[in-house]
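First the structure, in the form of structure tokens, and then the observations on it.
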Amino acid sequence: MKGITLTALALALATSTHATTLKWAGTTDPQTMDPHAVISAPVLGFLNNVYEGLVRRGKDMAIEPALASSWEPIGNGEGWRFNLRKGVTFHDGATFNADDVVFSYLRASSEAADTKGWFAPISEVKKVDDYTVDFFTKAPNPIFPDSIANWMIMDEEWSKSVGATVPSKEEGNAATLQTNGTGVYALKKRQPGLETTLTRHNDWWGEDVGNITEATFTPIKNPATAVAALLAGNVDMINPVPIQDAARLEQNSQVKVHKGIEARVIMLGFAQQAEVLKYGADKGKANPFLNVKVREAVAKAISVPAILRTIMRGNAEPASQLVSPAMRGFSEAYAERPSFDVKGAKSLLAEAGYPNGFSFGLKCPNDRYLNDEAVCQAVTSMLAKVGIKAELDAMPVRTYWPELRKDNFDMYLLGWSPGTFDHEHPVRFLASTPNSEKKLGSWNFGDYSNARIDELLPMIQSEIDDTKRQAMLDEVTGIYQSEHAYVPLYIQPLVWGTGKNVTLVQRPDNFFILRWASVN
Amino acid sequence: MFNYILKRVAQSGLVLLVVGLVAFSMFRFVGDPIDNMLGQERTVEDVERLRTELGLDLPFIVQYGRFLGDAVQGNFGVSYRQGRPVSDIIIERAPATLELAVVSAFLAISIGIILGVFTAIRRDGWLASVIMTTSLIGVSLPTFLIGIVLIYIFSVDLGWLPSFGRGEVVQVGFWSTGFLTKSGWLALILPAITLGLYQMTLIMRLVRSEMLEVLRQDYVRFARARGLSERVVHFRHALKNTLVPVITVTGLQLGSIIAFAIITESVFQWPGLGLLFINAIQFVDIPVMAAYLMLISVMFVTINLVVDLLYVFIDPRLREGGL
Chain W
1 MKGITLTALA
11 LALATSTHAT
21 TLKWAGTTDP
31 QTMDPHAVIS
41 APVLGFLNNV
51 YEGLVRRGKD
61 MAIEPALASS
71 WEPIGNGEGW
81 RFNLRKGVTF
91 HDGATFNADD
101 VVFSYLRASS
111 EAADTKGWFA
121 PISEVKKVDD
131 YTVDFFTKAP
141 NPIFPDSIAN
151 WMIMDEEWSK
161 SVGATVPSKE
171 EGNAATLQTN
181 GTGVYALKKR
191 QPGLETTLTR
201 HNDWWGEDVG
211 NITEATFTPI
221 KNPATAVAAL
231 LAGNVDMINP
241 VPIQDAARLE
251 QNSQVKVHKG
261 IEARVIMLGF
271 AQQAEVLKYG
281 ADKGKANPFL
291 NVKVREAVAK
301 AISVPAILRT
311 IMRGNAEPAS
321 QLVSPAMRGF
331 SEAYAERPSF
341 DVKGAKSLLA
351 EAGYPNGFSF
361 GLKCPNDRYL
371 NDEAVCQAVT
381 SMLAKVGIKA
391 ELDAMPVRTY
401 WPELRKDNFD
411 MYLLGWSPGT
421 FDHEHPVRFL
431 ASTPNSEKKL
441 GSWNFGDYSN
451 ARIDELLPMI
461 QSEIDDTKRQ
471 AMLDEVTGIY
481 QSEHAYVPLY
491 IQPLVWGTGK
501 NVTLVQRPDN
511 FFILRWASVN
Chain R
1 MFNYILKRVA
11 QSGLVLLVVG
21 LVAFSMFRFV
31 GDPIDNMLGQ
41 ERTVEDVERL
51 RTELGLDLPF
61 IVQYGRFLGD
71 AVQGNFGVSY
81 RQGRPVSDII
91 IERAPATLEL
101 AVVSAFLAIS
111 IGIILGVFTA
121 IRRDGWLASV
131 IMTTSLIGVS
141 LPTFLIGIVL
151 IYIFSVDLGW
161 LPSFGRGEVV
171 QVGFWSTGFL
181 TKSGWLALIL
191 PAITLGLYQM
201 TLIMRLVRSE
211 MLEVLRQDYV
221 RFARARGLSE
231 RVVHFRHALK
241 NTLVPVITVT
251 GLQLGSIIAF
261 AIITESVFQW
271 PGLGLLFINA
281 IQFVDIPVMA
291 AYLMLISVMF
301 VTINLVVDLL
311 YVFIDPRLRE
321 GGL
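In structure tokens:
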């Protein structure tokens, strides 16, 4: 009798653990398995399946409890207290507790860690008991829990035993190739640049999980190869689908195309301090972009709907400000973008003293954003219609950033995805006067500067009251919008392709969260 | 004779040095690795600090000197991208490229010679003209296009062969081989054809013209006059004499098969050295680029050196002259 029950049980187990595998492909291999070494979307997106943070982002990007079951402010903005989840185990079986949080804080804020910037507002981290940790901030910091959704917790004992106490980007260490997280999937096999296999962690604490038991990621750099692999059924999911192939794939009954909107805003920036133009026929003459009317004329001369219709094939949405409406702190009051108005642009140029236009240089990447070069070509021809002639110089991103850092541009294209999913992020990086000591404006290549924005930023950062905070963000938006500091163009689309039997959730940060995917 | 060999070896060493120098002088134009290594939150100071740490602020000639100094000790540095020793990565990737190259070379040589002989013997036949015309495709179409077309026919439409990758591999010591599994062989077919097609047409055309030349020779006429069968004339006498230049050329071509595997590997996501190099360019992974370029030039220089030395044994004038 006992024998029979055991056999039945074994059978039941065998069927319930029936393996469902998913193979997926993306353009870039995560360069490391160390969650603190590099802040890059391929790394953080991949590791979100393996490691977990105190908080995590849900399907709508709102933060929700993960390894912390709850959190509350300490005192009057002195910091945040996190109450940790009990009964969580790492993939190697070790128990998760407050020591791991403190260790992960020290590790992620160490000099060698890319993530150290996330902890700049922190003055001290204190373990209260085994399942309570206090984070004290230098100033009140309302968005701190939001800002650490990608901060992943590592096991203290494991990290120490394999000699990976701090991340090492240049030399690599054990944590570059191995993992020990608490996430839904554990790393089974890692071959850098070739193939990475994940397998289900059966002791995971949560419930919201699909049916995939094993998943293999292959980086496929060549988009045509990736599309062919999907059509041939050799992979179950590819990200991205080239925009120009999306319509063709939609006709195919074997595959599904999933479309969404990313967090990334594509915009044009200007040289805001340079006295003279650096490129084009008018090289050496006074820089017209110093005049706000000229910048406004550029905004009016570009037909964003036309760009979206032709180049993005209807897959993107126009942008009015430095963040998309899905982000926290989006300014509803300034959701209108300048309308396409050739006449208006021409008269603005005439008022600014350029009735016959001028010629300048436009820098653009050709492998960074979806169809970036084509967008710049469209911008060039639209600007030509109001008499300003852009000399387009498109280049791979590996030479693009150094050029921008050297101020070698009159106008440039930039995409920005706020790491914290908050409007404060682009204000800090793009709209603040560059100040390396305070780590402000580090991507503000054009040196846009407004004293009032600089004054408001620290106030926004420490304002606890949401209404007051939003009022200040609205003011900032109003300023940079009326000064046309940037010309926001559109929000980049997300286009993924899968086999017809795959269901998944597309999150605006372009992370593929495996536990939300199922193969039927 | 000894002097000659010494001189050739010294010349080869010089060629290697110059290749390295040219490579290092060009890395600056490939781009800046720093932005790929630091995230969005980096400051300008972080950029400068890392640049100094990696020695990228030094003149290229100094960087080259450091590379050479380490390389002669067998140390090719650590990949900027993967944070692992370059030599480990290269050893890991080399089997994929070498297996692909060997199979493509085998296909190119065997099919190339068969078709070459056939088109030479039946030079006026309709089939020979068809082969000659279609062989133009092999020479004129870019590898990338051939690869994609093959994928669409055999993987997407017919579903016979995998569209990318190497299939299942078996680890034999440090060597990962695809020769021991069925999926490994299936995965090899399309990339091998794509990579070998150009060489195959080249060999075919070479064999054909050499063969036609040989068939006009007096000794062939004598052989025929003696009443030998066409088979013996073609295969024992004519083909043998055709093969001498063919072997020289194919030897040199083997090097270019490995070097030109880059495009084929990227179309088929074939996990070899070519793909490694393409990715290294994208991320400006200078240690990987440098090691790969040196490896390829060592290979070419060695092949040339061996060919040159073989001439010494074949050509008595070189020996006696003591050049």
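Going line by line, the protein sequences match chains W and R. Heads up: the first sequence begins at 1 in UniProt numbering, then just goes up one per residue. Heads up: the second sequence begins at 1 in UniProt numbering, then just goes up one per residue. Glycine included, C-beta positions come from ideal geometry on N, C-alpha and C. Owing to the predicted nature of the structure, the values given are computational and were not obtained by experimental measurement.
Outcome for residue i when other beta-carbon atoms lying within 10 angstroms are tallied against a minimum of 16
i, result
"W/S147", "buried"
"W/S70", "exposed"
"W/M459", "exposed"
"W/M1", "Confidence at W/M1 is low in this model, with a pLDDT of 41, below 50, so its placement is unreliable and the value that follows should be read with caution. Exposed: under 16 other Cβ atoms inside 10 Å."
"W/A324", "Sequence inspection shows Ser at residue 324 of chain W; the Ala mentioned does not correspond to that position. Result: buried."
"R/N36", "buried"
"W/A451", "exposed"
"W/P508", "buried"
"W/N435", "exposed"
"W/T28", "buried"
"W/N510", "buried"
"W/A247", "exposed"
"R/F29", "exposed"
"R/R42", "buried"
"W/A8", "At W/A8, the pLDDT of 46 sits below 50, so the modelled position is not reliable; the number obtained from the coordinates is stated separately. So W/A8 ends up on the exposed side."
"R/T97", "buried"
"R/G159", "exposed"
"W/P305", "exposed"
"R/A223", "buried"
Start-to-end residues for the alpha helix (DSSP H) that takes in residue i
i, result
"W/R81", "Not the alpha helix (DSSP H): W/R81 falls in the beta strand (DSSP E), residues 79–84."
"W/V43", "41–47"
"residue 328 of chain R", "Since the first and last residues shown for chain R are 1 and 323, residue 328 of chain R lies out of range."
"R/L145", "143–150"
"W/A186", "Element bounds for W/A186: not the alpha helix (DSSP H) but the beta strand (DSSP E), 185–191."
"W/L177", "174–177"
"R/W175", "No alpha helix (DSSP H) contains R/W175, which is instead part of the beta strand (DSSP E) from 175–177."
"R/V18", "2–30"
"R/E210", "182–215"
"W/A345", "342–351"
Those residues which DSSP pairs with residue i across a bridge
i, result
"W/Y490", "W/I266, W/P318"
"W/N435", "W/L440"
"W/Y412", "W/G269, W/K363"
"W/K126", "W/D134"
"R/G227", "For R/G227, which the question treats as bridged, DSSP gives no partner whatsoever."
"W/H258", "W/W496"
"W/E195", "W/Q191"
For residue i, the first and last residue of its enclosing beta strand (DSSP E)
i, result
"W/I238", "237–239"
"R/T134", "First-last for R/T134: 126–140, but that is the alpha helix (DSSP H), not the beta strand (DSSP E)."
"W/V276", "Careful: W/V276 lies outside any beta strand (DSSP E) and carries neither H nor E."
"W/G26", "21–26"
"W/I74", "68–74"
"R/T97", "Looking at the DSSP string, R/T97 is not in any beta strand (DSSP E); the run it does join, the alpha helix (DSSP H), is 86–121."
"W/D393", "389–395"
"R/Q171", "170–172"
Legend entry - Selection of the segment 272–303 of chain R by Cβ proximity to chain W, strictly under 9 Å: Of all residues in the segment 272–303 of chain R, L275, L276, I278, N279, I281, Q282, F283, V284 have a Cβ within less than 9 Å of some Cβ in chain W.
Inset, instruction - Can you give me, in chain order, the residues of the segment 89–122 of chain W that have a beta carbon less than 7 Å from any beta carbon in chain R? - result: Within the segment 89–122 of chain W, contact with chain R at the beta-carbon level (separation under 7 Å) is assigned to D114, G117.
Legend entry - Segment contact flag, the segment 105–115 of chain W with the segment 196–215 of chain W, C-beta cutoff 8 Å, min 3 pairs: Touching, no.
Inset, instruction - Check whether the segment 412–428 of chain W touches the segment 364–372 of chain W, counting contact only when three or more Cβ pairs, one atom from each stretch, lie closer than 8 Å. - result: The answer is yes - the segment 364–372 of chain W touches the segment 412–428 of chain W, with three or more Cβ pairs under 8 Å.
Inset, instruction - Could you name the residues of the segment 38–58 of chain W whose beta carbon sits closer than 7 Å to any beta carbon of chain R, in the order they occur along the chain? - result: From the segment 38–58 of chain W, only V38, I39, S40 have a Cβ closer than 7 Å to chain R.
Legend entry - Cβ contact (3+ pairs, closer than 8 Å) linking the segment 390–403 of chain W and the segment 323–343 of chain W: Using a C-beta cut-off of 8 Å, the segment 390–403 of chain W makes no contact with the segment 323–343 of chain W, since fewer than three inter-stretch Cβ pairs fall below that distance.
Legend entry - Stretch-stretch touch, CB-based, cutoff 8 Å, three pairs: the segment 344–355 of chain W with the segment 268–280 of chain W: The segment 268–280 of chain W and the segment 344–355 of chain W do not touch, with fewer than three beta-carbon pairs separated by less than 8 Å.
Inset, instruction - Answer yes if the segment 173–193 of chain W comes into contact with the segment 110–120 of chain W, meaning at least three C-beta pairs across the two stretches below 8 Å, and no otherwise. - result: At 8 Å Cβ cutoff, the stretches do not touch.
Inset, instruction - Return the residues of the segment 232–263 of chain W that lie within a Cβ-Cβ distance of less than 9 Å from chain R, sorted by chain order. - result: Of all residues in the segment 232–263 of chain W, A232, G233, N234, V235 have a Cβ within less than 9 Å of some Cβ in chain R.
Legend entry - Contact list for the segment 74–89 of chain R against chain W, Cβ threshold 7 Å: Here the close residues are V78, R81, Q82, G83, R84.
Inset, instruction - Mind the definition here: the segment 13–21 of chain R touches the segment 297–311 of chain R only if three or more C-beta pairs lie below 8 Å; say whether that holds. - result: Counting C-beta pairs closer than 8 Å gives three or more between the segment 13–21 of chain R and the segment 297–311 of chain R, which meets the contact rule.
Inset, instruction - Determine, using beta-carbon pairs with one atom in the segment 151–161 of chain W and one in the segment 127–137 of chain W, whether at least three such pairs fall under 8 Å. - result: Counting Cβ pairs under 8 Å, fewer than three are found: no touch.
Legend entry - Cβ pair count under 8 Å reaching 3, the segment 133–145 of chain R against the segment 195–205 of chain R: Using a Cβ-Cβ distance cut-off of 8 Å, the segment 133–145 of chain R and the segment 195–205 of chain R are in contact, since at least three pairs of beta carbons, one from each stretch, lie closer than that value.
Legend entry - Positions along the segment 149–182 of chain R whose CB lies within less than 8 Å of some CB in chain W: Of all residues in the segment 149–182 of chain R, the ones placed with a Cβ closer than 8 Å to any Cβ belonging to chain W are I151, Y152, S155, V156, G159, P162, S163, F164, G165, in chain order.
Inset, instruction - Count the C-beta pairs between the segment 2–12 of chain R and the segment 476–496 of chain W that are closer than 8 Å, then say yes if the count reaches three, no if not. - result: No, the segment 2–12 of chain R is not in contact with the segment 476–496 of chain W.
Legend entry - Against chain W: residues of the segment 13–40 of chain R by CB proximity under 9 Å: Contacts with chain W (Cβ-Cβ distance below 9 Å) from the segment 13–40 of chain R involve F29, V30, G31, D32, P33, I34, D35, N36, M37, L38, G39, Q40, listed in chain order.
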